[in-house]
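Notes to accompany the following structure.
Residue numbers (UniProt numbering): 1 to 196.
Now the structure itself:
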């Protein structure tokens, strides 16, 4: 199973590989502002088109797979999440490049995206799923800890962001059966919400 294979969906949301058809929706979204505070600097420039092109290139090179979160009700792009640096031999990947429309943050959409990303990592037979999050992004760290990820440490001044600042990155992970357990917990939560 490839990380970008089709078939990732819940009743609310579908994840599909980012492609050129998503460019217009993304460039007119809040992701442009979000990019400055949460994306690592890239060599080709710090504008939304450079990041979009970089994301497409990662998929071609096998260094990552950005997924577009599409709301099923209206086919609207509501978020992004990516598998970063997948390593098939060691069965590990990171999840990052996360963006969700501001009015949907902290709600159900987050759970659906996390569930689907973990489901695909599990199908891919990952033994380790990690997140490297800016220490300043307490909300994102808390969201990942809420699904059972363990904090492993801090990479000090590890990454320069698009705004020029240097970020200390908190490393969190799920390993082995923790991936399945976290996915199952999120799946149950989604099902309970659908029934109520």
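The C-beta atom is built at its ideal place from N, Cα and C for all residues, glycine as well. None of the values given here were measured: they were computed from a predicted structure.
* **N-terminal and C-terminal residue of the alpha helix (DSSP H) that residue 113 is part of** => 108 to 123
* What first and last residue would you give for the beta strand (DSSP E) that runs through residue 100? -> 92 to 100
* In three-state terms, what does DSSP make of residue 128? -> strand
* Quick one: what does DSSP say residue 18 is sitting in, helix, strand or coil? -> coil
* Find out if the Cβ-Cβ distance for the pair residue 175, residue 132 is shorter than 8 angstroms. => no
* Measuring alpha carbon to alpha carbon, tell me which of 130, 160, 77 ends up nearest residue 117. => 130
* Can you tell me whether residue 63 is buried or exposed, with buried defined as 16 or more other CB within 10 angstroms of its CB? -> exposed
* Asked: Can the beta-carbon of residue 3 be found closer than 8 angstroms to that of residue 124?
  -> yes
* Identify whether residue 41 lies in helix, strand or coil by the three-state DSSP scheme. => coil
* Along the alpha helix (DSSP H) that carries residue 177, what are the first and last residues, could you check? => 177 to 195
* Asked: Which residue from 72, 12, 54, 97 puts its Cα closest to that of residue 31?
  -> 97
* Look at the Cβ atom of residue 77, then the Cβ atom of residue 5, and state whether they are nearer than 8 angstroms. => no
* residue 152 lies in the beta strand (DSSP E); which residues open and close that run? -> 150 to 160
* Asked: Looking at C-beta atoms only, is the number of pairs between the region 136 to 144 and the region 152 to 160 that lie closer than 8 angstroms three or more?
  -> no
* List the DSSP bridge partners of residue 173. => 130, 150
* Asked: Roughly how many angstroms separate the alpha carbons of residue 72 and residue 194, rounded to a whole number?
  -> 14 angstroms
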